[in-house]
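Asks:
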Amino acid sequence: MVLSNNDGCIISRSDEAKKLGVQMAGPYFLAKPLIEKHNISVFSSNYNLYGDLSWRVMETLRTIVGKKNVEVYSVDEAFLDLSIFSKEELPAIAKEIKSTVEQWTGIKVSVGIAPTKVLAKLANRFSKKEKEKTGCVVILDTEEKIIEALRQTSVADLWGVGHQYAKKLQEMWGIYDALQLRNVSEMFAKTNLGGVVGARLIRELRAETSKEMEEELSSKKMIATTRMFGSPVGDIASIKEAVATYTSRAAEKLRRQHSAAKVISVFVVAKEQDHTTNFRMKNANSRQIELPSATSFTNELIKPAVQMIDQLFEKGKLYKKAGVMLSGIVPDESIQGNLFREDNKNCERRLMDMIDNVNFSQRDDVLKFAASGTTRDWKMRQELRSGRYTTRWNELFEAR
DNA sequence: TCTGGGGTCCTAGGACCC
DNA sequence: TCTGGGGTCCTAGGACCC
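The numbering of the first sequence is the working numbering, which starts it at 966 and goes up by one.
(1) Three-state secondary structure (DSSP) at leucine 968?
(2) Leaving out the 5 sequence neighbours to the left and right, which residues in its chain are closer than 8 angstroms to leucine 968 when beta-carbon positions are compared?
(3) Does DSSP classify phenylalanine 1362 as helix, strand or coil?
(4) Kindly list the residues whose CB is nearer than 7 angstroms to the CB of aspartate 1297, restricted to its own chain and excluding five residues on each side of it in sequence; keep chain order.
(5) Mind checking whether aspartate 1330 and glutamate 1217 have CB atoms under 8 angstroms apart?
(6) Give a yes or no on contact between the region 1133 to 1142 and the region 1098 to 1113, applying the rule of three or more CB pairs nearer than 8 angstroms.
(7) Going straight from the alpha carbon of lysine 984 to that of aspartate 972, what length do you get?
(8) At a cut-off of 7 angstroms, is asparagine 1322 close to the ligand MN when judged by its beta-carbon and the heavy atoms of the ligand?
(9) Straight-line CA distance for glutamate 1313 to valine 1228?
(10) Decide yes or no for the touch test of the region 1020 to 1036 against the region 985 to 1004: beta carbon pairs closer than 8 angstroms, at least 3 of them.
(11) Where does methionine 1152 land, buried or exposed, given buried means 16+ other C-beta within 10 angstroms?
(12) So, does the region 1277 to 1294 touch the region 1194 to 1202, judging by three or more C-beta pairs under 8 angstroms?
(13) Report all residues from its chain with a CB closer than 8 angstroms to the CB of phenylalanine 1362; omit the five preceding and five following residues, and keep chain order.
(14) Ends of the alpha helix (DSSP H) at isoleucine 1201?
(15) In terms of DSSP beta bridges, what is isoleucine 975 paired with?
(16) Give me the Cα-Cα distance between proline 1080 and glutamine 1068, rounded to the nearest whole angstrom.
(17) Report the CB separation of threonine 1191 from glycine 1293 in whole angstroms; it is logged as a contact under 8 angstroms.
(18) Would you tell me roughly how many angstroms separate the C-alpha atoms of asparagine 946 and aspartate 1318, rounded to the nearest one?
(19) Going by DSSP in three states, serine 1251 sits in which element: helix, strand or coil?
(20) Give the range of the beta strand (DSSP E) segment to which isoleucine 1112 is assigned.
(21) Got a sec, what are the start and stop residues for the alpha helix (DSSP H) lysine 1098 sits in?
(22) Would you list the residues sitting across from proline 1296 in a DSSP beta bridge?
(23) Name the two residues that bound the continuous alpha helix (DSSP H) containing leucine 1277.
(24) Below 8 angstroms CB to CB, which residues in the same chain sit around valine 1040 once its five sequence neighbours on both sides are set aside?
(25) Can you tell me whether lysine 1060 is buried or exposed, with buried defined as 16 or more other CB within 10 angstroms of its CB?
(26) Closest to serine 1251 by CA distance: which of Thr1263, Ser1213, Val1208 and Arg1214 is it?
(27) Taking Cβ positions, are threonine 1263 and serine 1213 nearer each other than 8 angstroms?
(28) Just confirm the distance between the C-beta atoms of methionine 1345 and glycine 1195, as a whole number of angstroms; I'd bet it's less than 8 angstroms.
(29) Taking 8 angstroms as the cut-off, decide whether the C-beta atoms of glutamate 1036 and glutamate 1181 are in contact.
(30) What is the DSSP secondary structure of methionine 1187, reduced to helix, strand or coil?
(31) Going by DSSP, what residues sit across from aspartate 1142 in a beta bridge?
(32) Drop a sphere of 10 angstroms on the beta-carbon of glycine 1071, count the other beta-carbons inside from all chains shown, and report buried for 16 or more, exposed for fewer.
(33) Using C-beta distances below 6 angstroms, list every residue in its chain close to arginine 978, excluding the 5 sequence neighbours before and after it, in chain order.
(34) Figure out for me which residue from Leu1087, Glu1169, Glu1177 and Arg1328 has the closest Cα to the Cα of asparagine 1034.
(35) Output the residue ranges of the beta strand (DSSP E) runs that lie fully inside the region 984 to 1044 and measure 3 residues or longer, sorted by chain position.
(36) Using the beta-carbon count (16 or more within 10 Å), is glutamate 1169 buried or exposed?
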């Protein structure tokens, strides 16, 4: 099984671990007795490794069905537009996708095929639920199959129905399975399931496409880097270092997508605060400022970020988490100039490029700003991380 | 004594996702 | 002792415009 950042809770489990009763999203420390009893292997998150393998899988999919027919939805999921194939060809293409990805990357995948995205997610769910029977491939290509699948699915397991809606549907209207939900009116969905979002969901259940394939190249509208500290921190200098480090990371992400940001906000969470309450809520300890003009230069972002910590920090308090968010994001070619600033920024741009290149080719943070500190007592725990086998020379997998 | 209609932009908050 | 991080979309309501 795999742990969240800071080795806090369990975020992924193998089938075997599931069978032994390890709960999803449960705290690691509570599961420890079970883990030791059954000698379950435990790993810290390893995003370098996952990211690289994800990229390999997605590239394989692009090779098979064509670049423009793949929409990467998350690190481990993609939507493929198969409308170029006939219904008769689908079983073969599903098999080809599955076996090619496995052969080229070693990653096992499951395939769900249906007329709409919501139904395809449903099909995929079934493919995983009964692996032996389905061979990890489920195709919902007839009305009867779709109806049967909907009948067997709780509304809570639908893509787009979360905690709140599931509860509402069941308690207020006695709607328990997806087939029941499919039969409500669009009007009902509109008033009770979040407006047009709900209406779309109902249409998708009826096999009417209303979530289209999306373009790949979209850039992020918000970039955040937030972390729990390894253990609570009480001195302002350490929090500033952490915030400077997070800001550097966020700025890197910004530059990677060729953007610049105009708004930067910073927040801290005190030890006794319930960190599950959303940090965007009013009661969170956060500050936000708008910069004179959009930038992607780390130095221009670190300074205001660290200054905001001066305003947020309360002496004597212990903090367990901090974060930086960048918004007001624009393409970096079209930065709106500011009349009162000199605008020759070419050296800074070259400096940033150079830092990014060195950090990418050597290792993270071989070059960093002094504000980020050197000791990093606040660093998160990651005690059980596997090797970054495919992205670091010195961590290559060794075989004898 | 009495005062319209139509619109845009922004923000906060609520839901959702992996 | 101890429970993640990073996103998206939509709506309502307020401020403001002519």
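Beta carbons: idealized from backbone N, C-alpha and C, even for Gly.
Replies: This is what the structure gives:
(1) Per DSSP, reduced to three states, the secondary structure at leucine 968 is strand.
(2) Non-local C-beta neighbours of leucine 968 in its own chain, meaning closer than 8 angstroms and more than five positions away in sequence, comprise Cys974, Ile975, Ile976, Tyr993, Val1007, Phe1008, Ser1009, Ser1010 and Leu1349, ordered along the chain.
(3) Phenylalanine 1362 falls in the coil class under three-state DSSP.
(4) The beta carbon of aspartate 1297 sits closer than 7 angstroms to those of His1223, Ser1224, Ala1225 and Ser1261, all from its chain and outside the five residues before and after it, given in chain order.
(5) Contact check for aspartate 1330 against glutamate 1217 fails: the beta carbons are separated by 8 angstroms or more.
(6) Contact annotation: the region 1133 to 1142 does not touch the region 1098 to 1113, with fewer than three C-beta pairs closer than 8 angstroms.
(7) Separation of lysine 984 and aspartate 972 (C-alpha to C-alpha, rounded to the nearest whole angstrom) is 22 angstroms.
(8) As far as ligands go, the structure on display features none, and thus does not contain the ligand MN.
(9) Using only the alpha carbons, I get a separation of about 19 angstroms.
(10) The answer is no - the region 985 to 1004 does not touch the region 1020 to 1036, with fewer than three Cβ pairs under 8 angstroms.
(11) Exposed: under 16 other Cβ atoms inside 10 Å.
(12) Contact between the region 1277 to 1294 and the region 1194 to 1202 is established, with three or more Cβ pairs separated by less than 8 angstroms.
(13) Once the five neighbours on either side are set aside, the close Cβ partners of phenylalanine 1362 are Gly1352 and Tyr1354.
(14) 1201 to 1221 is the span of the alpha helix (DSSP H), which, as asked, contains isoleucine 1201.
(15) In DSSP, isoleucine 975 forms a bridge with Leu968.
(16) Approximately 28 angstroms between the Cα atoms of the pair.
(17) With 8 angstroms as the limit, threonine 1191 and glycine 1293 do not qualify as a contact, their Cβ atoms being about 18 angstroms apart.
(18) Missing from the structure shown is residue 946; the chain here goes from 966 to 1365 and no further.
(19) Here serine 1251 sits in strand by DSSP.
(20) First-last for isoleucine 1112: 1108 to 1116, but that is the alpha helix (DSSP H), not the beta strand (DSSP E).
(21) If you look at lysine 1098, you'll find it in the alpha helix (DSSP H) that goes 1096 to 1099.
(22) BP columns for proline 1296 point to Ser1224.
(23) Looking at the DSSP string, the run of the alpha helix (DSSP H) that includes leucine 1277 is 1263 to 1277.
(24) Answer for valine 1040: Tyr1015, Gly1016 and Ser1019, listed in chain order.
(25) Around the Cβ of lysine 1060, a 10 Å sphere holds fewer than 16 other Cβ atoms; the residue is exposed.
(26) Taking serine 1251 as reference, the option from Thr1263, Ser1213, Val1208 and Arg1214 with the minimal CA-CA separation is Val1208.
(27) In contact: threonine 1263 and serine 1213 (Cβ atoms closer than 8 angstroms).
(28) The distance from the Cβ of methionine 1345 to that of glycine 1195 is about 5 angstroms, consistent with a contact at the 8 angstroms cut-off.
(29) The answer is yes: Cβ separation under 8 angstroms.
(30) Taken through DSSP and simplified to helix, strand or coil, methionine 1187 comes out as coil.
(31) Here aspartate 1142 is bridged, per DSSP, to Ser1119.
(32) When all chains shown are included, glycine 1071 counts as exposed.
(33) Once the five neighbours on either side are set aside, the close Cβ partners of arginine 978 are Met966 and Val987.
(34) Of the listed residues, the one whose Cα sits closest to asparagine 1034 is Glu1177.
(35) Correct list: 1035 to 1039.
(36) Glutamate 1169 counts as buried, since no fewer than 16 other beta carbons sit within 10 angstroms of its beta carbon.
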